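Chemist: The structure is given below, and queries will be raised subsequently.
There are 2 protein chains.
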Amino acid sequence: MEILPHLSNTFVFRGLQPLQLEQVAQFSSLKKVRKGETIFYDGDSADAFYALAHGRIKVYKLSVNGDEHILHIIQKPGDLFAEAAIYDLETFPANCQALVDSEVIRISKDGFISFILENPKVSLLALAAYSRRIRELVKITEELVFHDVKSRLASHILENRMTKNGQMIYVRNGSKKELAAYLGTIPETLSRALAFLKSKEIISERKRTMTVLDPCRLRTFAD
Amino acid sequence: MEILPHLSNTFVFRGLQPLQLEQVAQFSSLKKVRKGETIFYDGDSADAFYALAHGRIKVYKLSVNGDEHILHIIQKPGDLFAEAAIYDLETFPANCQALVDSEVIRISKDGFISFILENPKVSLLALAAYSRRIRELVKITEELVFHDVKSRLASHILENRMTKNGQMIYVRNGSKKELAAYLGTIPETLSRALAFLKSKEIISERKRTMTVLDPCRLRTFAD
DNA sequence: AAAAATCCTTGACAAAAATCAAAAACTAAA
DNA sequence: TTTAGTTTTTGATTTTTGTCAAGGATTTTT
Chain B
7 MEILPHLSNT
17 FVFRGLQPLQ
27 LEQVAQFSSL
37 KKVRKGETIF
47 YDGDSADAFY
57 ALAHGRIKVY
67 KLSVNGDEHI
77 LHIIQKPGDL
87 FAEAAIYDLE
97 TFPANCQALV
107 DSEVIRISKD
117 GFISFILENP
127 KVSLLALAAY
137 SRRIRELVKI
147 TEELVFHDVK
157 SRLASHILEN
167 RMTKNGQMIY
177 VRNGSKKELA
187 AYLGTIPETL
197 SRALAFLKSK
207 EIISERKRTM
217 TVLDPCRLRT
227 FAD
Chain X
7 MEILPHLSNT
17 FVFRGLQPLQ
27 LEQVAQFSSL
37 KKVRKGETIF
47 YDGDSADAFY
57 ALAHGRIKVY
67 KLSVNGDEHI
77 LHIIQKPGDL
87 FAEAAIYDLE
97 TFPANCQALV
107 DSEVIRISKD
117 GFISFILENP
127 KVSLLALAAY
137 SRRIRELVKI
147 TEELVFHDVK
157 SRLASHILEN
167 RMTKNGQMIY
177 VRNGSKKELA
187 AYLGTIPETL
197 SRALAFLKSK
207 EIISERKRTM
217 TVLDPCRLRT
227 FAD
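Residue numbers (the numbering used here), protein chains in the order written: chain B, 7 to 229; chain X, 7 to 229.
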């Protein structure tokens with residue numbers, strides 16, 4: 007059980023005393039999930055929440071005709087998911103599936119609640135985590151309402167870019183279908199948006215790496 | 007100072023002991039705001055959060071060209087707003103303005119944090135409140151991605167309807183412009199969506215009251 | 001390396017929604 | 001009540017996005 011190092015890497019439990027971590031470990035368990043495996047379904051009874059140990063997890067909703075909309079992709083070890091369901095909901099409000107072979111930590115709802123009651127400082131960390139998620143979601147709705155696909159793509163690239171020897175690059179880690187779902191559109195529309203940016207020589211693309219050729223003009227599309 | 011009854015009506019402080027309420031009152035203050043008055047602007051430093059005593063408040067973002075998108079309308083006394091900014095943000099992430107003459111309770115950030123640390127049970131209530139907001143926002147993004155304006159309108163009516171002597175009615179409390187912004191669209195498009203539902207005799211409208219003539223068919227548009 | 005499967009792109013078209021402009025309906029003020 | 005103001009509706013048009021279908025490209029499997 008090498009669960010402790012993973013726990014101390016979650017931002018809710020980071021900075022806890024070793025003794026407190028031991029307590030948390032008592033109501034937590036490590037679970038391996040294979041690529042494509044579902045961790046929980048929309049509507050499943052929610053008696054736990056999860057932290058990512060390593061891998062890639064998607065949290066998504068399905069529309070009546072089966073289109074999926076990705077609400078959240080968890081890929082940073084230590085990030086929590088499904089916490090929203092814990093406090094006042096009986097069932098999970100979305101589906102959750104591993105995109106690659108992953109390991110997740112399952113943290114029991116009841117265990118966590120009694121732990122919080124005994125360790126009030128932890129609750130402030132949890133509240134902060136929640137408020138971050140809220141702002142993330144507010145950002146998403148704002149993007150959806152104010153901006154078209156081109157500009158949502160531009161923002162996304164600018165917010166997730168890295169710099170590699172002077173070049174501004176964005177490395178896509180999922181499929182384009184996934185990226186499209188994340189941006190609230192479909193692969194065809196994403197493809198056209200990308201084609202547009204490439205035709206204007208604002209970005210270039212090779213494999214999973216996009217290079218931003220003209221950051222300035224990309225920014226004008228982003229807002 | 008008739009602040010105590012208002013406090014005990016907020017869902018974070020509901021159920022608190024009189025003594026605890028007194029404590030909360032010490033770092034809270036009642037503020038009158040006139041219609042149109044701004045409570046805080048996007049970017050203002052966030053050293054407090056708010057609860058509605060009575061009135062109507064909008065929390066909204068402005069796009070670069072001045073279009074407003076309403077993220078949240080607070081009209082239920084006791085509802086919190088601007089809490090997201092408290093825990094890990096220095097500034098408010100949106101604007102906030104009174105839609106009618108209102109009274110709000112300003113709750114100091116520092117005061118609240120020390121209070122939580124001494125009263126861990128309250129944090130569970132706060133966490134529950136947060137998770138509700140998260141689900142609300144998830145619901146909004148989902149609606150925006152999956153559904154067109156007609157169906158967002160239909161859902162909205164169905165979720166906010168009341169029953170008055172056998173009739174299923176929806177009473178609009180803001181302007182249509184406000185409703186349009188809330189639904190993530192513009193007044194013209196809302197107007198057309200309404201005209202459509204009226205032409206099909208699914209709803210009728212008189213003043214600010216819409217009567218649902220055919221709940222069944224309205225529901226088919228909602229999903 | 002060939003075959004199969006999946007993913008991505010492109011085109012033609014249809015639908016949804018935004019924009020612009022103007023008229024109509026409603027409200028509030030003089 | 002008349003006027004002035006705002007809000008709402010309607011029409012014509014354009015832009016954006018989705019749908020469907022087909023062809024390429026890429027990856028995976030055998």
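Think of the CB as a built atom: it goes at the ideal place given N, C-alpha and C, for glycine as much as any other residue.
Every value quoted in this text rests on a predicted model; they were computed, and no experiment measured them.
With distances taken Cα to Cα, identify the nearest neighbour of Tyr93(X) among Ile79(X), Ala132(X) and Glu124(X).
Modeler: Nearest C-alpha to Tyr93(X): Ala132(X).
Chemist: My parser needs the alpha helix (DSSP H) runs of 4 or more residues fully inside the region 60 to 130 of chain X; what are they?
Modeler: Taking only runs of at least 4 residues, the alpha helix (DSSP H) segments lying wholly in the region 60 to 130 of chain X are 90 to 94 and 115 to 124.
Chemist: Thinking C-alpha only, which one of Gln32(X), Pro24(X), Leu105(X) and Ala90(X) is nearest Ile45(X)?
Modeler: Here the closest residue by C-alpha is Leu105(X).
Chemist: Would a check of beta-carbon distances place Tyr93(B) closer than 7 Å to chain X?
Modeler: Yes - at least one Cβ of chain X is within 7 Å of the one on Tyr93(B).
Chemist: Anything in chain X within Cβ reach of Pro99(B), meaning under 7 Å, just list it in chain order.
Modeler: Ordered by position in chain X, the residues that pass the 7 Å Cβ test against Pro99(B) are Arg141 and Val144.
Chemist: Using a Cβ-Cβ cutoff of less than 8 Å, which residues in the same chain neighbour Leu27(X) once the five nearest sequence positions on both sides are dropped?
Modeler: Leu10, Leu13, Ser14 and Phe19, listed in sequence order.
Chemist: Out of Gly84(B), Ala100(B) and Arg198(B), which has the shortest C-alpha to C-alpha gap to Val110(B)?
Modeler: If we check each option's Cα against that of Val110(B), Gly84(B) comes out closest.
Chemist: Can you name the residues of chain X whose CB is closer than 7 Å to the CB of His75(B)?
Modeler: Here the neighbours are Glu148, Val151 and Phe152.
Chemist: What residue from Cys102(B), Val151(B), Thr191(B) and Ser205(B) has the CA that sits closest to Ile79(B)'s CA?
Modeler: Of Cys102(B), Val151(B), Thr191(B) and Ser205(B), the residue nearest in Cα terms is Cys102(B).
Chemist: Which residue or residues does DSSP assign as beta-bridge partners of Ser51(B)?
Modeler: In DSSP, Ser51(B) forms a bridge with Thr97(B).
Chemist: When DSSP labels each residue in this structure, what does Ser181(B) get in the three-state scheme?
Modeler: Of the three classes helix, strand and coil, the one that applies to Ser181(B) here is coil, per DSSP.
Chemist: Using three-state DSSP, classify Val39(B) as helix, strand or coil.
Modeler: It is a strand residue.
Chemist: How many angstroms separate the CA atom of Glu165(B) from the CA atom of Thr215(B)?
Modeler: If you take the alpha carbons of Glu165(B) and Thr215(B), they lie about 15 Å apart.
Chemist: Leaving out the 5 sequence neighbours to the left and right, which residues in its chain are closer than 7 Å to Ser51(B) when beta-carbon positions are compared?
Modeler: Counting only Cβ-Cβ distances below 7 Å, and skipping sequence neighbours, we find Glu96 and Thr97.
Chemist: Give a yes or no on whether 7 Å exceeds the smallest Cβ distance from Lys182(X) to chain B.
Modeler: It does not: the Cβ of Lys182(X) has no partner Cβ on chain B nearer than 7 Å.
Chemist: Residues in the same chain with beta-carbon distance under 8 Å from Ala135(B), minus the five sequence neighbours each way, listed in chain order, please.
Modeler: So the list reads Phe17, Val18, Leu86 and Glu89, once near-sequence residues are dropped.
Chemist: Along chain X, in chain order, which residues have C-beta atoms closer than 7 Å to that of Ala90(B)?
Modeler: Per Cβ cutoff of 7 Å: Ser137, Ile140 and Arg141.
Chemist: At which residues does the beta strand (DSSP E) containing Lys206(B) begin and terminate?
Modeler: No beta strand (DSSP E) holds Lys206(B); DSSP gives it neither H nor E.
Chemist: Tell whether a beta-carbon distance below 7 Å holds between Arg198(X) and Asp107(X).
Modeler: No, the pair does not count as a contact, with Cβ atoms beyond the cut-off.
Chemist: Which class does Leu58(B) belong to by DSSP, given the choice of helix, strand or coil?
Modeler: Strand.
Chemist: I believe Arg112(X) touches Ala54(X) by the beta-carbon criterion, under 8 Å. Please report the beta-carbon distance rounded to the nearest angstrom.
Modeler: Sure, about 5 Å apart at Cβ, within 8 Å.
Chemist: Could you spell out where the beta strand (DSSP E) holding Lys170(B) opens and where it closes?
Modeler: Segment Met168 to Lys170, the beta strand (DSSP E) holding Lys170(B).
Chemist: In chain X, which residues lie with their C-beta within 9 Å of the C-beta of Ile34(B)?
Modeler: Looking at the sequence itself, residue 34(B) is Ser, so the reference to Ile does not match. Ordered by position in chain X, no residue passes the 9 Å Cβ test against Ser34(B), which lies about 18 Å from the chain.
Chemist: At a Cβ threshold of 7 Å, is Gly84(B) touching chain X?
Modeler: No, because no Cβ of chain X sits closer than 7 Å to the Cβ of Gly84(B).
Chemist: Starting from Val30(B), trace the alpha helix (DSSP H) in both directions and tell me its first and last residue.
Modeler: Here the alpha helix (DSSP H) through Val30(B) covers Pro24 to Gln32.
Chemist: Looking at C-beta atoms only, is the number of pairs between the region 151 to 158 of chain B and the region 120 to 127 of chain B that lie closer than 8 Å three or more?
Modeler: No, the region 151 to 158 of chain B does not touch the region 120 to 127 of chain B.
Chemist: What do you reckon, are the CB atoms on His75(B) and Val151(X) nearer than 7 Å?
Modeler: Going by C-beta atoms, His75(B) is nearer than 7 Å to Val151(X).
Chemist: Could you check whether Arg139(X) and Ile140(B) sit closer than 7 Å to each other, using their CB atoms as the reference points?
Modeler: Their beta carbons are under 7 Å apart, which means Ile140(B) touches Arg139(X) by this criterion.
Chemist: Establish whether the CB of Leu123(B) and some CB of chain X are separated by less than 7 Å.
Modeler: So yes, Leu123(B) belongs to the interface.
Chemist: Please confirm whether Asp154(X) and Ala100(X) have their CB atoms less than 7 Å apart.
Modeler: Not closer than 7 Å, so no.
Chemist: Start and end of the alpha helix (DSSP H) containing Ile9(B)?
Modeler: Note, Ile9(B): alpha helix (DSSP H), Ile9 to Asn15.
Chemist: Tell me, which residues are paired with Val218(B) by DSSP?
Modeler: For Val218(B), which the question treats as bridged, DSSP gives the partners Met174(B) and Ile209(B).
Chemist: Please report whether the beta-carbon of Pro126(B) lies at a distance below 7 Å from any beta-carbon of chain X.
Modeler: Closer than 7 Å to some Cβ of chain X, the Cβ of Pro126(B) qualifies, so yes.
Chemist: With C-beta atoms as the reference, is Thr147(X) less than 7 Å away from Thr147(B)?
Modeler: In this structure, Thr147(B) lies closer than 7 Å to Thr147(X) by Cβ.
Chemist: Report the option in Arg212(B), Val218(B), Glu194(B) and Phe118(B) whose CA atom is closest to the CA atom of Ile175(B).
Modeler: Among Arg212(B), Val218(B), Glu194(B) and Phe118(B), the Cα nearest to that of Ile175(B) belongs to Val218(B).
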